[in-house]
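Student:
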């Protein structure tokens, strides 16, 4: 099956291999051809094909390696198709997974019918009072035949349990298969002993349990099949995200001097490709708009319902939908680097990580199966020593029932299933949770620290008011100040220049420009001496400030605006207020947090007056102003010392140490920027409602995990003693192995279904 | 009856020894790999091989081939390394692990029914 062509060169490097999946190789002779064509490439040392798996492993010489596309090309040149084993797209993987699961489901259903096909008639017969005993030669023959049929059922419908149990056993481990195999095996073996040699068991105990064996196998296969179905639904969120990826892109390329638009597969789009997107189409890869304007629906990624306006120079993100205009953009991130691919990756990783609450279940799982085996033996011994007659039959029934009822799967599934749904649900709301620990801790947050700039506010100062105290008109004033500030990089200066640009005002040349540190700027524009800055600068320049001007400036400051004074030729002509506007929904989002009993604290590097004004406006009573970035972590530590579980929210740029120190760090993503490493949770849209959503999803998920764990613990804690016969001395009740089989089959299904309830969770409307 | 009791207690002792006290021999990485790659077959409730040992600071790639269609087998988790992967059915999938310090690193499926360990010496 295996064959290799080697160039026999020394192998000095490690990990320089690549694996390709070959399609269309139907005969063993293809192996030689494929290996040959690959080995002929200079960089390839060895090509080895595994015909059974239809894969070829290519080893490169020294540190050389070849792009998989070249290898694929070589294989295609001899008439086969190939793709890199690691390059299957998420969608392909998902499709394959769904096909595999569907086949597995059908197989399990068939096995269920085989099991129940024999078990049901036998059980009905027994329920109708038919004797399940061996007392005559005829009964022996009939039961022998049924016993052999039961063995056939065990083979066709339960082979996987026995093989799994055996392989685990020789590996010194035990799992669910072990319990099922031992339980059904014990029942069948005992019954066969009764049939083949009835005299070795007391007359009262000559009972057969073939119906239990067949029923248990059928029911457990049914439980597994239903679980496969239910599990499919737990990954709906990731399916939806993967479904956002476009399949093709319309790329504009120059061919023989002509500009051509061609549709190509999304995987083939390269960096810097120019892509056209028409109305209603999905953005295929990340990029920057180079032509046209449009509005784009980003709600699928950010949860933000309003379409976002995009013009030349704006970023567009793969997976979002172009609403009305037609745009051309340049690809800046393709393949696995797009924001969407990173989000999918992050959500997948988080879905597989476990919160600390799941650790206890993990520890128990490690000891669970052997403990159940011990309990089964102990229970049998107790029945044999102290039970009523027929002791041996009671011992067999109790041991079998204990083995069958115990369900390690319910325990094992309790946490991961809920995390899977919860993390997916959060992603749908535009909240990316990094791991299970962040999920658990955010459900316990008692204090939330918010950075002001960029978190509560938009982070982009804007000119809000121009109070004119002369005959000059507003536009002329703005044009003069913008001309003066045009060269400055100060955020306030930028706000003024932007405002002038918005009004399409023309700017003039500045002469004798001077920046006065901490006070403002001065210069000459159109032969006028201009001074623009704070009050201190005006006093220095002996510019008269009337009472009216002073009151106006004070009012601005009290409204969280920064007043800037503008004087022309020694006379104050206007006050310009610049403010960083508060985000539209910050007030309601902060109230939502406070209503949930969370202490909200604001931190800012700004002065006290502005900080107070902002805090008052958004309803925050506790704030710290003039905090340097490096001191933010100290404030977090201070809150932690007070016993608070602290969440810190920032834009991730200068808040990294504070985000890292907080119990949970929330980063506000700018649009869809997910590469914020220091945060535990990333909010894909700017709104602070994401915080309350994240906490609500975490709480709901944790509650769901607790229900699952509680259910699984209680089920096993109560089920196992019942099965062992604890009720028998008091009520004469002993659980039937068939009931145990049904209970076990449905216990894990219950866990998965309960986790699925989380799919319907909706964060509070806002 | 005494014999039955002794057999029963003996079985309990054997369970304790076989599943908890016995330390299985780990597969030495040198024997099992080429290019620091080891193939692990996921089938019938076990990873084969399930126990791997390697030297400190060596890179390793695990090439999983999942033959068990059960959804449980589809995810492999390395909790201490913060690595997880979805394994496709009947198709090799390579998981590259970061270099590890001395210690034991477990890997398992979501429900911990499949268990394996990597011992770094």
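Protein chains in written order, with the working numbering: chain A, 1 to 766; chain B, 1001 to 1121.
We treat Cβ as the ideally placed atom computed from N, Cα and C, and that holds for glycine.
Less than 9 angstroms between the C-beta atoms of residue 251 of chain A and residue 264 of chain A, yes or no?
Tutor: Numbered from 1 along the first chain, position 251 holds the residue referred to as residue 251 of chain A. Numbered from 1 along the first chain, position 264 holds the residue referred to as residue 264 of chain A. Cβ distance < 9 angstroms, so residue 251 of chain A and residue 264 of chain A count as in contact.
Student: Applying the 10 Å Cβ sphere with the 16-neighbour rule, what's the burial state of residue 716 of chain A?
Tutor: Here residue 716 of chain A is taken as the residue at index 716 of the first chain, counted from 1. Counting Cβ neighbours within 10 Å, residue 716 of chain A comes out buried, since at least 16 surround it.
Student: Nearest by alpha-carbon distance to residue 229 of chain A: which of A:699, A:101, A:97 and A:113 is it?
Tutor: Position 229 of the first chain, counting from 1, holds the residue named residue 229 of chain A. Nearest C-alpha to residue 229 of chain A: A:101.
Student: Does DSSP put residue 20 of chain A in a helix, a strand or coil?
Tutor: Indexing the first chain from 1 puts residue 20 of chain A at position 20. Strand, per DSSP.
Student: Is it true that the CB of residue 602 of chain A sits closer than 9 angstroms to the CB of residue 458 of chain A?
Tutor: For the purposes of this step, residue 458 of chain A is taken as the residue at position 458 of the first chain. For the purposes of this step, residue 602 of chain A is taken as the residue at position 602 of the first chain. Taking 9 angstroms as the Cβ cut-off, residue 458 of chain A and residue 602 of chain A do not qualify as a contacting pair.
Student: Fully enclosed by the region 723-757 of chain A, which beta strand (DSSP E) runs are 3 residues long or longer?
Tutor: Listed in chain order, there is nothing to give.
Student: Under a CB-based cut-off of 9 angstroms, is residue 1004 of chain B close to chain A?
Tutor: Mapped onto the second chain, residue 1004 of chain B falls at position 4. True, the Cβ-Cβ gap to chain A drops below 9 angstroms.
Student: Using only CA atoms, which one of A:464, A:478 and A:626 lies nearest to residue 555 of chain A?
Tutor: Within the first chain, residue 555 of chain A is the residue found at index 555, counting from 1. That would be A:464, whose Cα lies nearest to the Cα of residue 555 of chain A.
Student: Can you tell me which of the three DSSP states residue 203 of chain A falls into?
Tutor: Reading the first chain from its first residue, position 203 is the one you call residue 203 of chain A. Correct three-state label for residue 203 of chain A: helix.
Student: Using a Cβ-Cβ distance under 9 angstroms, would residue 701 of chain A count as near chain B?
Tutor: By one-based count along the first chain, residue 701 of chain A stands at place 701. By this cut-off, residue 701 of chain A is not an interface position.
Student: In the DSSP assignment, what residue or residues form a beta bridge with residue 84 of chain A?
Tutor: Numbered from its first residue, the first chain carries residue 84 of chain A at position 84. DSSP lists A:20 as partners of residue 84 of chain A.
Student: If you follow the alpha helix (DSSP H) that residue 1065 of chain B is part of, which residue opens it and which one closes it?
Tutor: Taking the first residue of the second chain as 1, we reach residue 1065 of chain B at position 65. First-last for residue 1065 of chain B: 1060-1066, but that is the beta strand (DSSP E), not the alpha helix (DSSP H).
Student: Taking just the CA atoms, how far does residue 18 of chain A sit from residue 144 of chain A?
Tutor: The residue you call residue 144 of chain A lines up with position 144 of the first chain. The residue you call residue 18 of chain A lines up with position 18 of the first chain. Between residue 144 of chain A and residue 18 of chain A, the C-alpha separation is close to 56 angstroms.
Student: Put residue 1006 of chain B into one of helix, strand or coil per three-state DSSP.
Tutor: Along the second chain, one-based indexing puts residue 1006 of chain B at 6. Reduced to three states, the DSSP call for residue 1006 of chain B is helix.
Student: Within the 9 angstroms Cβ cut-off, does residue 1052 of chain B reach chain A?
Tutor: Taking the second chain and counting its residues from 1, the one referred to as residue 1052 of chain B is at position 52. No, residue 1052 of chain B lies away from the interface with chain A (no Cβ there is under 9 angstroms from its Cβ).
Student: Counting only C-beta atoms, is residue 337 of chain A closer than 9 angstroms to chain B at any point?
Tutor: Position 337 of the first chain, counted from the first residue, corresponds to residue 337 of chain A. No, its Cβ sits nowhere closer than 9 angstroms to a Cβ of chain B.
Student: Between A:276, A:107 and A:567, which has its C-alpha nearest residue 293 of chain A's C-alpha?
Tutor: As a position in the first chain, residue 293 of chain A is number 293, starting the count at 1. When each option's Cα is compared against that of residue 293 of chain A, the closest is A:276.
Student: Among B:1047, B:1070 and B:1016, which residue has its Cα nearest to the Cα of residue 1106 of chain B?
Tutor: Indexing the second chain from 1 puts residue 1106 of chain B at position 106. Considering only alpha carbons, the answer is B:1047.
Student: Compare the C-beta of residue 1016 of chain B with all C-beta atoms of chain A and state if any pair is closer than 9 angstroms.
Tutor: Here residue 1016 of chain B is taken as the residue at index 16 of the second chain, counted from 1. Answer yes: the Cβ-Cβ gap between residue 1016 of chain B and chain A drops below 9 angstroms somewhere.
Student: Count the CB pairs spanning the region 530-545 of chain A and the region 478-487 of chain A that are closer than 8 angstroms, and state whether there are at least three.
Tutor: Yes, the region 530-545 of chain A is in contact with the region 478-487 of chain A.
Student: Is the region 107-127 of chain A close to the region 721-731 of chain A, with three or more CB pairs under 8 angstroms?
Tutor: No: the two stretches stay apart, fewer than three of their Cβ pairs being nearer than 8 angstroms.
Student: In terms of residue numbering, what span does the beta strand (DSSP E) encompassing residue 49 of chain A cover?
Tutor: Stepping through the first chain from its first residue, residue 49 of chain A is reached at position 49. It spans 44-50 - the beta strand (DSSP E) in which residue 49 of chain A sits, taken as one unbroken run.
Student: With a threshold of 9 angstroms between beta carbons, is residue 674 of chain A in contact with chain B?
Tutor: Reading the first chain from its first residue, position 674 is the one you call residue 674 of chain A. Residue placement at residue 674 of chain A cannot be trusted, given a pLDDT of 46 that sits under 50; what the coordinates show is reported in the next sentence. False, the Cβ-Cβ gap to chain B never drops below 9 angstroms.
Student: Using a 10 Å radius around the Cβ and a threshold of 16 neighbouring Cβ atoms, would you call residue 517 of chain A buried or exposed?
Tutor: Residue numbering aside, residue 517 of chain A sits at position 517 when the first chain is read from its first letter. It counts as exposed.
Student: Can you name, in chain order, every residue of its own chain whose Cβ lies under 6 angstroms from the Cβ of residue 1050 of chain B, other than the five neighbours on each side?
Tutor: The count along the second chain starts at 1 and reaches residue 1050 of chain B at position 50. These residues qualify, in order along the chain: 1116.
Student: Give a yes or no on whether 9 angstroms exceeds the smallest Cβ distance from residue 802 of chain A to chain B.
Tutor: Summary: the structure shown does not reach residue 802 of chain A, with chain A confined to residues 1 through 766, and so no result is reported for it.
Student: How far does the beta strand (DSSP E) with residue 328 of chain A in it extend, from its first residue to its last?
Tutor: Along the first chain, read from residue 1 onward, the residue named residue 328 of chain A stands at position 328. 327-333 is the span of the beta strand (DSSP E), which, as asked, contains residue 328 of chain A.
Student: Residues of chain A with a CB under 7 angstroms from the CB of residue 1075 of chain B: which are they?
Tutor: For the purposes of this step, residue 1075 of chain B is taken as the residue at position 75 of the second chain. Result: 352.
Student: Hey, is residue 1103 of chain B's beta-carbon within less than 9 angstroms of any beta-carbon in chain A?
Tutor: Position 103 of the second chain holds residue 1103 of chain B. Chain A, which has no Cβ nearer than 9 angstroms to the Cβ of residue 1103 of chain B, makes this no.
Student: Scan the region 1084-1109 of chain B for residues whose Cβ lies nearer than 9 angstroms to a Cβ of chain A and list them as they occur along the chain.
Tutor: Listed in sequence order: 1084, 1085, 1086, 1088, 1089, 1090, 1091, 1092, 1093, 1094, 1096, 1108 and 1109.
Student: Does any C-beta atom of chain A lie closer than 9 angstroms to the C-beta of residue 1121 of chain B?
Tutor: What you label residue 1121 of chain B is simply residue 121 of the second chain in a count that begins at 1. Answer no: the Cβ-Cβ gap between residue 1121 of chain B and chain A never drops below 9 angstroms.
Student: Have a look at residue 698 of chain A and residue 756 of chain A and give me their C-alpha separation to the nearest angstrom.
Tutor: Along the first chain, one-based indexing puts residue 698 of chain A at 698. Along the first chain, one-based indexing puts residue 756 of chain A at 756. About 15 angstroms.
Student: DSSP state of residue 445 of chain A, grouped into three classes?
Tutor: Along the first chain, one-based indexing puts residue 445 of chain A at 445. It is coil, neither helix nor strand.
Student: Residue 95 of chain A by DSSP, collapsed to three states: which one?
Tutor: Along the first chain, read from residue 1 onward, the residue named residue 95 of chain A stands at position 95. If DSSP states are grouped into helix, strand and coil, residue 95 of chain A belongs with the helices.
Student: Quick one: grab the DSSP three-state call for residue 621 of chain A.
Tutor: In the first chain, the residue the question calls residue 621 of chain A occupies position 621. Note: residue 621 of chain A maps to coil in three-state DSSP.
Student: For the candidate residues A:133, A:420 and A:441, whose alpha-carbon lies nearest to that of residue 206 of chain A?
Tutor: Residue mapping note: residue 206 of chain A aligns to position 206 of the first chain, counting from 1. Ranking A:133, A:420 and A:441 by Cα distance to residue 206 of chain A puts A:133 first.
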